[in-house]
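Residue numbers (the UniProt record's numbering), protein chains in the order written: chain L, 1 to 341; chain A, 1 to 341; chain Y, 1 to 341; chain W, 1 to 341; chain X, 1 to 341; chain S, 1 to 341.
For glycine and all other residues, C-beta sits at the position ideal for the given N, C-alpha and C.
These numbers were taken from a predicted model, which means no experiment stands behind them.
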């Protein structure tokens with residue numbers, strides 16, 4: 001059995017941030033031309049020591065991860081920038097580099113596309129790039145940003161709104177995974193991007209579980225980042241409003257039943273949280289994820305291990321079977337992402 | 001030992017919503033005059049069967065709750081309405097009624113004030129009402145709404161900002177509890193008030209734990225609603241950024257250490273969640289709360305009990321001592337709220 | 001001959017403001033469900049002493065009014081609230097209660113519907129409710145709010161604009177009366193709702209008399225509240241611009257000729273004003289109205305009568321015939337509202 | 001006894017609109033320089049046949065008016081234009097020309113200043129010009145625009161607000177009259193300036209009669225244009241809210257009592273309206289005004305007289321004494337404006 | 001050979017600014033009626049001494065100009081005023097007067113229409129007036145304002161945008177000249193209209209030379225005011241980006257090549273500048289223009305000549321042939337404007 | 001004599017754009033820490049072939065430039081980004097790197113600071129960084145961006161406004177040069193940054209020459225980029241408004257006289273333009289500048305030279321003396337920037 005980290009981000013060669021800085025400086029006046037990246041540059045990026053005590057590849061080796069799903073760093077996607085073509089240019093360049101990385105390490109990495117979502121545009125404008133990545137590069141899914149306004153005070157439609165249906169339809173048609181993950185935050189003092197991720201996941205899961213999306217798209221595969229924000233922990237609160245009260249029946253589907261149709265990664269960085277997640281949503285809905293290297297790559301002074309050392313937590317769950325453990329560590333991901341593992 | 005529900009809301013006599021509807025209709029043109037409420041009307045309100053299978057008092061009796069802290073229903077506080085005097089009028093009327101309720105059942109209820117917070121005003125404009133409630137009525141704390149804009153797209157300063165310091169100072173001076181709880185939401189499709197509560201608690205705890213508020217006000221007593229939003233579940237994520245990384249030391253205090261100085265109620269409606277909360281923040285920081293009757297007063301079809309049947313969950317925690325159990329059920333609250341219990 | 005008060009508002013049972021307060025608190029999150037109102041509650045409301053020295057029914061008896069047209073209290077219609085569905089919910093509930101009131105006192109009351117008008121919506125969105133009230137409940141007219149923005153700084157199209165034509169068409173088709181009456185005011189310090197009524201009536205009459213609406217809809221029956229705002233008093237000013245000046249002919253219809261096609265109620269609270277009104281627009285265009293109980297139900301210290309004691313004023317008009325007097329007191333209303341009286 | 005028309009506007013030489021057009025074109029880039037106007041040009045202006053069947057002076061002669069108070073044409077004052085210096089330039093030029101007109105016909109004309117009011121500025125910025133006109137030119141009053149935003153959706157403070165107190169103070173100090181008259185309207189389709197005059201007068205009188213201005217400034221002399229908008233006609237409505245209701249005493253002064261401290265001109269163009277005005281506010285508060293030549297200078301086809309033929313209406317009032325008649329026609333104005341007549 | 005001044009503005013009779021002031025005061029409430037202008041008034045206007053040391057006609061005679069193209073004074077066109085119908089009314093009146101002027105001096109003047117451009121409208125709304133002027137009056141071109149927002153902070157599409165194509169098409173169809181010239185500026189402190197002209201010309205030429213307009217409309221005749229703003233002086237800068245760099249070919253047409261398809265007037269007021277212009281764009285693209293009388297009609301203390309004494313500068317150019325000189329002075333204009341000269 | 005290029009920009013090591021991309025992604029959440037840059041990285045940057053046919057140092061050698069003034073690339077300064085601390089962080093990092101570059105090549109490079117200007121802040125907030133760069137690093141001047149809003153529709157005060165006086169004062173106090181140069185443009189389709197440079201220079205020179213800045217600060221040294229935008233070419237236009245007209249004297253200083261107190265670089269890329277510049281402003285006010293490598297580093301197909309081959313143009317000026325030539329090529333810069341050359 002192969003261990004699959006379902007939530008990880010690309011190694012970033014120098015050209016990508018330089019490109020971002022450049023187009024944000026000229027705002028499109030120099031055109032979209034992006035410099036080619038050599039495989040050497042990519043290898044260098046995969047071995048650069050930056051966020052973690054060792055390079056990207058070394059992290060995987062040490063943790064025993066066989067396969068990773070790679071997507072763009074979400075907080076760099078700048079979905080709220082203007083003019084909107086800059087968003088398209090940047091994300092296409094990032095996806096191109098991910099495709100090159102997957103080609104360079106074909107056994108190890110599979111692509112998850114960033115989408116060129118922008119605040120006031122119909123979601124259909126992001127679909128050609130999804131299609132390009134899946135059909136040309138063989139990507140297995142895409143990030144979905146529930147807040148392309150990037151917390152600027154305006155608000156996107158909730159995830160149950162018809163606004164999103166063309167995307168859900170396309171995901172089903174292509175049979176790929178939609179991975180919920182917001183981007184940056186324009187209110188960094190109050191709610192920096194890392195916190196905004198959590199709030200947006202909470203809001204996204206709520207929106208999906210209070211709507212009929214999951215009934216309307218039975219084949220839809222939605223993976224929620226970071227263990228689903230607050231929802232598994234707060235389930236009782238939302239579940240309580242979908243059972244009958246004082247004899248009044250409630251027409252809708254129970255919140256918990258919908259919740260258990262979504263998938264969640266284990267990017268939670270503590271055993272207690274992972275335990276709660278698996279108990280609440282079930283082993284069949286959990287996918288090992290460590291987002292490695294990343295925010296969890298610092299060393300917990302108490303354990304001497306990085307926070308993103310998550311496999312031992314999964315191995316330590318006493319209340320699941322071995323098959324369930326394997327499913328969490330790789331089986332579920334293999335099935336969802338169509339990876340032969 | 002007395003069991004204390006630290007998070008509950010007033011029984012609402014007909015006059016209060018009628019008053020709200022009235023001032024929102026005339027927008028202040030008829031002046032502020034509010035009708036007196038008789039004790040009979042209050043008794044009726046405490047026995048009305050509405051959200052729960054039985055009346056307010058009966059809920060307490062059945063659950064075995066001895067004492068409750070009563071505050072206004074937060075989602076009715078309309079902090080974002082204009083002109084701002086309407087906010088003051090309403091909250092003062094609500095606090096008056098709570099005071100009358102506490103006087104009617106002096107053993108059973110203690111008051112927690114609503115504050116007349118409004119979006120663009122300095123927090124000092126809300127402090128006279130806090131002082132009035134504590135000094136005239138003997139209230140033991142107040143609600144703090146981290147988002148007086150009520151999710152209208154504008155954003156209040158984060159909880160670590162100097163904006164809030166006069167309130168923290170006043171809370172220390174009066175030796176009463178600040179209870180974090182947001183109000184309504186102007187974006188009900190995407191993020192209805194009940195969900196907004198959770199996101200605002202997440203944001204508020206983050207703001208407190210990333211700032212020096214708790215060092216600047218060592219005596220400050222902050223109680224966070226609903227088990228702290230997402231934070232106890234997501235602790236690893238935020239903790240990981242406050243330990244040294246790659247040899248670079250970090251100047252700040254560790255996130256977890258600050259988190260463990262805040263207090264949390266157990267309004268979580270599931271045993272798993274309460275277990276996680278107590279493990280993460282410690283028994284000394286947890287206060288039994290059930291917000292009864294309230295959102296959790298519907299009956300879980302599986303157990304036949306209401307979701308807000310929380311005392312058994314606390315009794316069932318295997319990893320805490322009996323003293324810790326008592327502390328959670330009442331001792332911590334008695335100490336914090338200065339209740340002789 | 002029956003005396004008909006053409007301008008009066010429903011008796012308000014406790015449930016209606018409570019419902020308003022509730023939906024404004026949860027902003028739709030709890031759904032639209034409105035509690036049923038018992039006939040006993042309505043009877044109680046019709047006998048409650050509140051604005052007037054006696055209850056609603058007693059006022060009518062004392063004044064000698066046989067029949068009243070009942071509409072929602074306009075200043076409570078909250079046309080400018082968001083989300084717009086709240087406006088629909090509230091007005092439909094209010095209309096339902098009026099229908100129940102008319103059914104309870106079938107000889108005495110006839111319904112006039114509130115409309116779910118909202119600022120940025122086409123007027124067609126308000127028409128299904130009008131149709132429901134007329135066809136299902138037998139209502140005889142509806143309120144028309146010329147300012148659904150409720151004085152928030154944005155402005156609705158003038159009453160002569162094509163925007164309103166679908167409403168005019170529907171009124172003609174259903175053969176019911178459109179009763180001009182604005183709602184609340186978002187600028188209560190400068191222009192509280194009661195003053196805004198007057199200014200909006202002035203503006204509405206102007207808009208109708210400067211456009212071709214009355215030629216385009218010869219069968220249209222428009223009743224203007226409170227004696228037409230300022231217009232009958234200021235007629236000379238506006239009339240003077242529609243006669244030839246310095247030999248230049250003027251193409252339009254004379255202002256006064258159009259004015260005399262509209263209908264006006266006598267809710268003016270002084271004999272001088274009523275006298276002027278009847279002189280200016282003619283007895284055939286005046287309908288007795290007292291809006292009882294209401295703003296005029298306080299007692300004039302000089303006369304010892306309530307200001308809304310209007311019938312004696314009409315009886316005292318020396319310059320009209322007895323037939324004209326009867327027409328004002330009831331005949332005109334019976335004809336307009338299709339009431340057999 | 002001399003007949004005094006208290007409400008009239010300057011004769012406009014070609015230079016004034018040309019100057020307005022010019023500064024609105026260059027927006028201040030050419031500086032403020034305004035061309036001198038010759039006395040011949042003024043004479044020409046006073047004899048030009050434009051709005052009325054004859055020239056300005058001829059109108060006065062024919063009507064038998066001895067003296068007129070001249071102010072700028074209000075709808076041309078452009079208080080809402082930017083940059084604000086343009087407003088100052090224009091109004092100062094207009095006042096200069098009025099001063100020249102008064103000097104040219106010293107027995108016939110007395111000046112009433114326009115003020116350079118602008119939307120967001122303190123009223124103190126308009127006072128130097130008032131002082132200049134009174135002290136240098138001997139003007140007897142000024143126009144007060146209650147809406148310097150000119151109906152653009154933003155709203156000035158109500159007339160009872162402290163915002164206006166420096167102006168009231170200055171009027172008392174200089175012992176001159178404040179003449180309420182709004183300017184243009186930025187919403188001409190819905191509410192053209194001529195209609196806006198009426199609504200703003202209604203609102204202004206309301207604001208004065210609901211506040212303590214008249215008690216705070218007992219010497220204040222306020223003259224309201226066009227017979228006070230809607231208020232005298234609608235008095236009952238507002239008066240009814242300032243008498244005790246259901247035993248509850250009311251603290252304020254009665255609306256009617258305050259109303260009768262204000263002064264009103266008779267620019268109403270119909271006998272019925274003038275009759276109502278005099279009845280409601282009393283002869284001591286009424287000043288003959290015809291705004292001649294002006295909006296009322298067209299010929300009523302029924303009478304063959306211009307609408308502004310108002311003296312016969314006053315002469316025809318049967319319920320006043322001869323002294324009262326003289327007071328209305330000139331005595332009140334002479335006293336208010338300190339004119340020896 | 002006749003000397004043709006291709007850039008000049010109408011003589012302005014008093015009625016035109018008075019009309020502007022009037023409609024800006026009543027905002028359309030009085031309707032559009034504009035007073036007729038007599039030929040005497042026009043003659044007076046052509047002989048009035050205002051900006052120049054002598055009258056309009058005398059200026060031409062003294063300078064030796066045979067023919068002038070007359071358009072409205074651009075800074076008076078008020079394209080950004082509301083309601084938009086005022087813009088239409090004003091420009092149509094101005095065009096009417098120009099037509100009358102051309103009829104009065106048929107050998108001397110040819111008309112160039114102002115267009116009723118307004119900020120948010122499609123350019124098609126301005127085309128009927130263009131057509132009217134060309135077909136009814138025989139005008140030879142029109143002004144094009146690249147910034148109908150008049151520098152109010154919002155921005156029109158660049159001149160290469162499809163927004164403008166219907167205008168280009170119509171110009172080709174009618175075979176008339178489009179003369180780039182902006183109107184007033186709403187930011188007069190920072191960028192008064194006269195400076196805004198220059199910046200807008202710079203921006204307009206840039207927009208045309210960086211787009212395919214000139215390829216898409218080979219017959220299009222665009223005349224740029226004031227020697228093209230900054231572009232001829234700054235040509236190197238923009239040209240340098242349209243030649244290949246470091247071996248990368250560039251797909252577009254060279255900036256300079258497009259520049260040399262546009263036409264430029266010589267309204268530059270200095271010999272050095274005119275010399276640079278002719279050198280950079282070629283004699284075939286230059287049209288004598290002096291905008292006389294106008295901004296350049298003051299006397300240079302050094303030369304004793306007015307700044308707009310431009311013909312000697314053209315005569316003094318040593319590097320062009322006599323034929324080229326004649327082309328600049330009149331031949332090019334005759335060809336472009338279809339004038340038999 | 002040393003040849004000094006007074007207008008050039010830093011060599012950019014990879015870390016700088018990466019830093020920009022990073023802080024724009026996390027919006028400050030990761031703090032300001034910027035990576036150190038090695039001297040090797042700087043050397044690499046100075047030898048990288050990018051915009052020009054050869055590296056930065058090679059360009060200088062080939063052209064014969066001895067000394068360059070280095071400032072940050074203006075279009076990358078992102079003055080309009082939020083939160084404002086990002087602007088400070090970026091510019092300080094850029095200045096640090098320039099200081100390191102000057103230290104690395106002490107004979108060749110002198111620093112010109114970027115300023116952390118931001119739209120709504122007083123200019124005083126940018127002065128500490130100016131002081132730091134001059135006092136700690138020995139910089140000789142700073143860039144001044146007349147439009148820190150970066151063309152987003154809002155407008156900074158004109159250069160003659162008191163807003164800028166603290167900066168002018170500080171420049172005099174430190175005896176360093178203010179170099180006018182705007183940054184990026186938020187309207188890239190209509191006016192990309194490179195064009196915006198020109199328009200802002202035009203506007204800035206206008207603002208300086210129409211105000212009393214140059215009289216108020218006689219010691220102020222202002223250098224205008226790119227030959228002063230449009231102004232030298234358009235001088236007649238602006239000069240003509242500052243001489244007496246029709247006998248009316250003009251109070252101000254003549255435009256041309258002020259213009260000739262400013263300094264201008266020769267970054268114009270064509271001999272004709274440079275010739276015009278020197279003629280108009282005089283050799284004493286011109287400083288050789290080529291901004292090399294930069295926008296002019298592409299090869300003109302006609303000459304086979306890069307457009308920024310400017311020294312031959314200066315050498316080719318026939319109408320200046322040799323001393324003047326030397327002054328332009330280096331002497332003026334040496335004096336202004338206090339460089340011993």
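Taking residue i as the query, report the chain W residues whose CB atoms sit under 9 Å from its CB, ordered along the chain.
{"i": "residue 243 of chain Y", "result": "298, 299, 300, 301, 307"}
For residue i, which of helix, strand or coil comes out of DSSP?
{"i": "residue 115 of chain W", "result": "coil"}
Going along chain X, which residues have a C-beta under 8 Å from residue i?
{"i": "residue 186 of chain W", "result": "27, 82"}
Short of 6 Å in beta carbon distance, which residues of its chain neighbour residue i, apart from the five on each side in sequence? Order them along the chain.
{"i": "residue 133 of chain S", "result": "95, 113, 139"}
Kindly list the residues whose CB is nearer than 7 Å to the CB of residue i, restricted to its own chain and excluding five residues on each side of it in sequence; keep chain order.
{"i": "residue 163 of chain Y", "result": "123, 157"}
Give the residues of chain W in contact with residue i, contact being defined as C-beta atoms less than 7 Å apart.
{"i": "residue 229 of chain Y", "result": "230"}
Checklist line | Segments of 3+ residues assigned as beta strand (DSSP E) that fall wholly inside the region 168-196 of chain S | finding: 177-180
Margin query: Taking 8 Å as the cut-off, does the region 313-332 of chain S touch the region 88-96 of chain S (at least 3 CB pairs, one atom from each stretch)?
Written below: no
Next item on the list: Inspect the CB distances between the region 59-67 of chain W and the region 176-192 of chain X and report whether three or more fall short of 8 Å.
Entry: no
Item checked: Cβ contact (3+ pairs, closer than 8 Å) linking the region 201-218 of chain X and the region 159-173 of chain X -> yes
Note to self: Threshold first: 3 residues or longer. Then list the beta strand (DSSP E) segments lying entirely within the region 43-84 of chain A, N to C.
What the structure shows: 67-71
Margin query: Three Cβ pairs or more, each shorter than 8 Å: is that satisfied between the region 15-30 of chain X and the region 15-29 of chain W?
Written below: yes
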